[in-house]
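So the structure is just underneath, and the comments pick up after that.
2 protein chains.
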Amino acid sequence: MIKYLDANDWKVIESSFHPEYQRSSESIFSIGNGQFGQRANFEEHYSGDHHQGSYVAGIYYPDKTKVGWWKNGYPEYFAKVLNSINWIGLSVKVDGVELDLHTWKVDRFERVLDMKSGLLQRSFKATAPSGDFSIEVLAQRICSMADDDCACIQYSITPSKTVQLEVVSYLDSDVENQDTNWDEKFWNLLDAEAELESAYVKASTKKTNFTLSAAMESKCTVKGAEVWPVAANSSNSYASQEFRLVLEEGETASFEKHVGLLSSMNHDVADLVKNAQDAARRSASKGAQKMFEEHAVAWSKIWENGDIIIDGDVEAQQGIRFNIFHLNQTYTGEDARLNIGPKGFTGEKYGGSTYWDTEAYCLPFYLSTHPEEVSKQLLKYRFKQLDKAIENAEKLGFVNGAALYPMVTMTGEECHNEWEITFEEIHRNGAIAFAIHNYVRFTGNKEYIAESGFDVLLGIARFWSQRVNWSESKQGYVMLGVTGPNEYENNVNNNWYTNYIAKWCLSYTLKCILYLKDAHSVVYQQKCAQYRFKEEEETQRWADIIEKMYFPKKEGSKVFLQQDGFLDKELIPVSELADKDRPINQKWSWDRILRSVYIKQADTLQGLYLFEDHFDVETIKENFDFYEPFTVHESSLSPCVHVVLAARLGYEEKAYEMYLRTSRLDLDDYNHEAYQGLHITSMAGTWMSVVEGFGGYRVKDGVQHFNTMIPKHWEAYSFKVMFKGRKMQVEVNASETKVLLLEGDPISVVINGQETALS
Amino acid sequence: MIKYLDANDWKVIESSFHPEYQRSSESIFSIGNGQFGQRANFEEHYSGDHHQGSYVAGIYYPDKTKVGWWKNGYPEYFAKVLNSINWIGLSVKVDGVELDLHTWKVDRFERVLDMKSGLLQRSFKATAPSGDFSIEVLAQRICSMADDDCACIQYSITPSKTVQLEVVSYLDSDVENQDTNWDEKFWNLLDAEAELESAYVKASTKKTNFTLSAAMESKCTVKGAEVWPVAANSSNSYASQEFRLVLEEGETASFEKHVGLLSSMNHDVADLVKNAQDAARRSASKGAQKMFEEHAVAWSKIWENGDIIIDGDVEAQQGIRFNIFHLNQTYTGEDARLNIGPKGFTGEKYGGSTYWDTEAYCLPFYLSTHPEEVSKQLLKYRFKQLDKAIENAEKLGFVNGAALYPMVTMTGEECHNEWEITFEEIHRNGAIAFAIHNYVRFTGNKEYIAESGFDVLLGIARFWSQRVNWSESKQGYVMLGVTGPNEYENNVNNNWYTNYIAKWCLSYTLKCILYLKDAHSVVYQQKCAQYRFKEEEETQRWADIIEKMYFPKKEGSKVFLQQDGFLDKELIPVSELADKDRPINQKWSWDRILRSVYIKQADTLQGLYLFEDHFDVETIKENFDFYEPFTVHESSLSPCVHVVLAARLGYEEKAYEMYLRTSRLDLDDYNHEAYQGLHITSMAGTWMSVVEGFGGYRVKDGVQHFNTMIPKHWEAYSFKVMFKGRKMQVEVNASETKVLLLEGDPISVVINGQETALS
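Protein sequences, first through last, are from chains S and G.
Start counting the first sequence at 214; every next residue gets the next number (the working numbering).
Start counting the second sequence at 214; every next residue gets the next number (the working numbering).
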């Protein structure tokens, strides 16, 4: 753990300058608006260690795959999220000396992310290297949630003596990715122009040919009077507006930089520059304060539905809000071409593409905190990529429309290139099917099955049906050579979770077919023809697989075996591991990890989490008691599932321990990797920990159940959920649980086993 | 198969020019002398597709590892064999036109590798692009086996009309590897000087700092009179001697190029240039013809001991000699720092480093065809690298002197970086122990155990003892997460072969301890102290493992299961695979290969080959009948083991089919990969096929057994073996088998079950 930030209900605060954690802070204080995002880099020049990063949704580059030993089936490229136009730059010279907190003496420094209003604020006092004078700065910025083409910065400078001030406000498209396989540059630098009123740059990505433009208007006010730029400069990748003024001791020069940042994802290339200029104009004409206000209003609407309040535990409160804040600024659900990258807009690691995290962890969050359209976009994203999933399966030898969704993708094509993951971590297909079920369960919108759900389910069912084989020796269907959610096992046979979700997919698809035949017979017939679906023949095989799927078990117990042969391992619990061996993924060679019993993240327990209602409590308990002691939780996605199950089993201490791990993972930088970017997708797991874990929130047969518990460290907590057009608030304290219907028709819910009518 | 070469008992012949196979021919016609080797590139300029390659034994570069996803334990570099000084170059200009068979019209062309004399010869007639004239060329060259610092070329030119001839004889150290991870250059170009009498270049490798020097003397004779060079030029990497003359129609200008090529492996850097010059001088003063003669004499000695004669099947005869020829020019056994790279001096693939091929396939060849010192060098190579093997094991978490020999190495450090191979294909350790046993069995030299054998065995035994774990569930010792010789299975549990050889290593080490205590008690005590060997405690565990090692079996049969769960696969024999699916390693994705039943190379059968005397014939037969039908033989190391077992079982047709596959693998380019270099290590398997397969040669309890069979396509065959200082010739024809003692004391052998005294 690295603790250098202050706890606060609504704010993340770095109260003195920590250059040693600058990269981490840049991640943690990142801001975004679903369309683009920006690491918390300084506006002024900074020569210390840092990672400048500005990212635009959906803009990627197919970086040529790097691999030591090629295997048949590997993809040719990996879609990388692209570091793009630097739009925050303000170069500041005071009496000819460049402001740079790496070389100036920092007398006072505070960086605050106000999660309530979405404002990033930094104030500092710094003395020039000569010691002759100091300046005070207040810098504020937003990526507007109210107008997502816009960003704006307010930057005020107050000197300790009368100084000559030069401020260059600039845009720069000549940027590089930190994450490249071959040190290539990814941008064609197209154009830039600067005038005193307005400036822009335009660039396009190599190969993928996305075009991006940023335009800006820069202003300066001193003593209420506007100061005009005196120069404008540009090259093919750079545009600047320059101010020069004499600023008297104690006077404040206040700069505003209004930016429009647009991509060809949403605008005709021909209009791009003009639209960017319009956006910058829009922002400038409102002024920074107004922009901040509108942005805060947009945030207040988000908080209205999605906030979780925890009393009596400020760290827990800050942690959960931090997670909710980042999820909302990463993905807004307005565009079915977008998804939730594992680092969002906060870093480049993992390529910024789509993983099964979206379906398994993020979807429940959006289902319960946003209108159903948002979740539907996530489903449509996969539907739109069905063709590619079929192609992907064909590359691996599958036929007849079997679909394997990729492990990592941007466009639907597989990007990843580790055989044990790319080709074998196929349970992801199950999560994508489950998401459809989950969506229907929460929204009641069965029509979606007819609309696009069945198409995806059919491809997935066909995949499983071909992926299993009959074992003469076991007299059952087996699934050989897979990697389960626990990636500390590779190429195993009969991973229980994968077999279970495969079987479930087949069952659920059969159920959907019955529904379609009943409710949408014409559509169904069309789809049968479209996909050449031989219903009788194909479903017969599915039914046979459902009946005869093999599942490894621990004899004499209710424990499902993670995979064949699991009990051959040395069963030494994590508690007996020496500190020097932790985390094992940094200390042990890969083979040692693989043959050990240690579990990276919920695997069998992931199945018990998803299908909790299929099992009695005793079964869940026996499995939890068996597996959790072997679990090292070295994936950010691990603790949350364990909170939910531990809470279900009444393991309060374990649930709370796991909760802290998930909720403050990045704030306290548990794994010393916040510098690479934040764990955006696992943040949804934190929300899940409170709502499904402590709140015990489940939807069963169309009825909402709450089985609440309160960690002893908390006085009370409350959260909101949306369900079939209704909004509810759940309030839990030590003595009681209340559910209030805030909006919508009356409904009954079950609170701690008690049916209660809400109106 | 690609058949463009002529069959011949002693020669490999390309009787017309095949530019489309130039890279393959360059590999196939390669020559070497154990110290260096040279692909069959043309001396004159050639602008067509080709791969210029000159390699010097032991000279390598640590190429930075390339990998997509780093795993703990991966090595930082891969030792690459280095393309080094181009010493063959002769640039020829005729009336100002550069001779280049890519642009000239080739009227006649013949390339011949005379394996008996070790001479590479090329003769051609070619017409200039203008069509005005033609020339005839005869080019001959050797890498001298008689004086392994020397190489020499004779190159004669006869024009069809009187021409102005310019010939530039040059050395060039500015060469690049085709096989580099990051397109780096590997050489520091140090120095070059040229005079009319003599010229040299000197270069050193980056990082490893090996220094290499080549010196040359160039001569020309026309009508018996010497023609002197008229110019000498040099840069830092290039040195040339230039001839200019008018050559009359039908007259022949005969050039000789005498080269000394030396490395700092064998010479002080200070003396390197001088010694190279001396070597060139030595060769030049003898002249090319004398050099060729001495070289042929050296080869005749090799053939005297190592030849195999096959009557009635010229392709089989050519095939076996081709294999024996290349093995001998790759490794001579004079230097314990050298080993047998998978491509020898014929290409760059696989890095030219040491694999388990050496112990498993090459050692039997050298044991039976060379004085025992040669095989001992191969054992000493591993002994010298024991410290590194212990370090290597420590990196993977092993302790107390456990040794894991690397999968691929040059210096003893692991180079490979695929976790499933590097960390898991650990059976290689067994082959290294078995080689000690094999050496002792063949030479009777038990002293070697006291000398260095025990040191290696102890490290290996300690490794196995730590690598297994007790399985409560199986009540036996298991070995989890390994890759057997069949690399089409990764990360499996209880690979039968690995478990078996591990158990054998422990048993053999115990046996060696008994011998040492009895025969070398002082040495043994010293070694116990040196290695902190707690005999009682450690050997007790070994004995327990030997007693309780778990082996997977097919119930109700004598079939040993390749690994746990093997019978869960779809057991469809190779014969039912569609042609479009073959070879599966090019047609199927890796996961599909892994979960299929198909076997790349002998795995369980490899164990039955090595430990044939542990099993009855019925057991061998049942296993062969079970596994061979699933074997795709997609490794060059597969067919030979199957020949030996098939011959043992009387499966004559199968044995012959497999024999053809191994013996003419490169000559007929079965896998379309000869262009990358030849399969040097598998060539020893071809020898094994005849001697151990058809010849049925075994040594059991110090007695030689021959259980011969003769393929119906052959009239007769004979081979020679060396055994404990004796030389024998085995002659087999359809009616009888004779063994003649050629040299050494009388001895008894068993021929087809009949004990026979030889004197």
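The beta carbon of each residue, even a glycine, is placed where N, CA and C say it ideally should be.
How about residue i and residue j: are their beta carbons less than 8 Å apart?
| i | j | result |
| --- | --- | --- |
| I241/S | D879/S | yes |
| Y710/S | T635/S | no |
| M871/S | H855/S | yes |
| P765/G | D777/G | yes |
| G185/S | V280/G | Coverage of chain S is limited to positions 214 through 972, which leaves residue 185/S absent and any answer about it impossible. |
| R550/S | G271/S | yes |
| F578/S | A868/S | no |
| K293/G | N390/G | yes |
| A489/G | L474/G | yes |
| C725/G | G666/G | yes |
Pop quiz: residue i and residue j are said to be a contact at Cβ under 8 Å. What is the actual Cβ separation, rounded to whole angstroms?
| i | j | result |
| --- | --- | --- |
| T278/S | N630/S | 5 Å |
| A352/G | W317/G | Not quite, the Cβ-Cβ distance comes to about 15 Å (not below 8 Å), so this is no contact. |
| L314/S | Y383/S | Actually they do not touch by this definition, with Cβ atoms about 18 Å apart. |
| W755/S | K284/S | Actually they do not touch by this definition, with Cβ atoms about 30 Å apart. |
| N296/S | S267/S | 6 Å |
| Q889/S | V962/S | Contact flag wrong, Cβ pair sits at about 41 Å. |
| W569/G | A615/G | So it is not a contact: roughly 18 Å between Cβ atoms. |
Among residues of its own chain, excluding the 5 on either side of residue i, which ones have a beta-carbon nearer than 6 Å to its beta-carbon?
| i | result |
| --- | --- |
| K761/G | G689, Y690 |
| K813/S | N699, E700, Y701, E847, S848 |
| T545/G | G247 |
| N920/G | G909, N965 |
| E430/S | S411, H471, A493, A497 |
| T567/G | N552, T622 |
| V904/S | Y910, F932 |
| M922/G | A860, F907 |
Excluding the 5 residues preceding and the 5 following residue i in the sequence, name in chain order all residues of the same chain whose CB lies nearer than 7 Å to its CB.
| i | result |
| --- | --- |
| Q235/G | G261, D262, H263 |
| K420/S | Y274, P275 |
| P796/S | V845, E847 |
For residue i, which residues of its own chain have a beta-carbon under 8 Å away from its beta-carbon, when the five flanking residues on both sides are left out?
| i | result |
| --- | --- |
| G286/S | K608, L609, W632, T635, F636 |
- With 7 Å as the limit, tell me which residues of the region 803-821 of chain S have their beta carbon closer than that to any beta carbon of chain G; keep them in chain order. Of all residues in the region 803-821 of chain S, W803, D804, R805, L807, R808 have a Cβ within less than 7 Å of some Cβ in chain G.
- Query: Between the region 252-286 of chain S and chain G, which residues of the former have a C-beta closer than 9 Å to a C-beta of the latter?
  - Reply: So the list reads T278, K279, V280, G281, W282, K284, N285, G286, given in the order they occur along the chain.
- Mind listing which residues of the region 686-697 of chain G have their C-beta closer than 7 Å to chain S's C-betas, in chain order? Answer set for the region 686-697 of chain G: S686, K687, V691, L693, G694.
- Message: Taking beta-carbon pairs under 8 Å, can you tell me which members of the region 765-781 of chain S lie near chain G?
- Response: For chain G, the residues of the region 765-781 of chain S that bring a beta carbon within less than 8 Å of one of its beta carbons are D777, G778, L780, D781, in chain order.
- What residues in the region 370-403 of chain G have a beta carbon less than 7 Å from any beta carbon of chain S? Listed in chain order, the positions of the region 370-403 of chain G with a beta carbon within less than 7 Å of a beta carbon of chain S would be empty, since no residue qualifies.
- Message: Beta carbons nearer than 9 Å to chain G: which residues of the region 553-571 of chain S have them?
- Response: Within the region 553-571 of chain S, no residue qualifies.
- Task: Using a Cβ-Cβ cut-off of less than 8 Å, list which residues of the region 784-802 of chain G approach chain S; keep chain order.
- Result: Against chain S - using a Cβ distance shorter than 8 Å - the residues of the region 784-802 of chain G are L784, N798, Q799, K800, W801, S802.
- Query: Listed in chain order, which residues of the region 632-654 of chain S have Cβ atoms closer than 7 Å to some Cβ of chain G?
  - Reply: Of all residues in the region 632-654 of chain S, those with a C-beta nearer than 7 Å to a C-beta of chain G are W632, F636, E637, reading in chain order.
- Item | Interface positions of the region 603-617 of chain G facing chain S (Cβ-Cβ less than 8 Å), listed along the chain | Listed in sequence order: K608, L609, G610.
- Interface positions of the region 837-851 of chain G facing chain S (Cβ-Cβ less than 8 Å), listed along the chain: Interface annotation for the region 837-851 of chain G against chain S: empty, criterion Cβ-Cβ distance under 8 Å.
- Near-chain S residues of the region 656-690 of chain G (beta-carbon distance less than 8 Å), N- to C-terminal order: Residues of the region 656-690 of chain G with a C-beta atom less than 8 Å from some C-beta of chain S are N682, W683, S684, E685, S686, K687, listed in chain order.
- Message: Extract the residue ranges of the alpha helix (DSSP H) inside the region 225-303 of chain S, only unbroken runs of 4 or more that lie entirely within it.
- Response: The qualifying runs are 235-241.
- What residues from the region 700-721 of chain G come within 7 Å of chain S, judged by C-beta to C-beta, listed N to C? Answer set for the region 700-721 of chain G: N703, N704, N706.
- Item | Residue ranges of each beta strand (DSSP E) within the region 549-589 of chain S, 3 or longer | With a minimum length of 3 residues, there is no unbroken run of beta strand (DSSP E) contained wholly in the region 549-589 of chain S.
- Item | Within 8 Å of chain G by C-beta, residues of the region 619-630 of chain S in sequence order | From the region 619-630 of chain S, only N630 have a Cβ closer than 8 Å to chain G.
- Inside the region 759-802 of chain G only - alpha helix (DSSP H) runs reaching at least 4 residues: The alpha helix (DSSP H) runs lying completely inside the region 759-802 of chain G and spanning 4 residues or more are 797-800, given in chain order.
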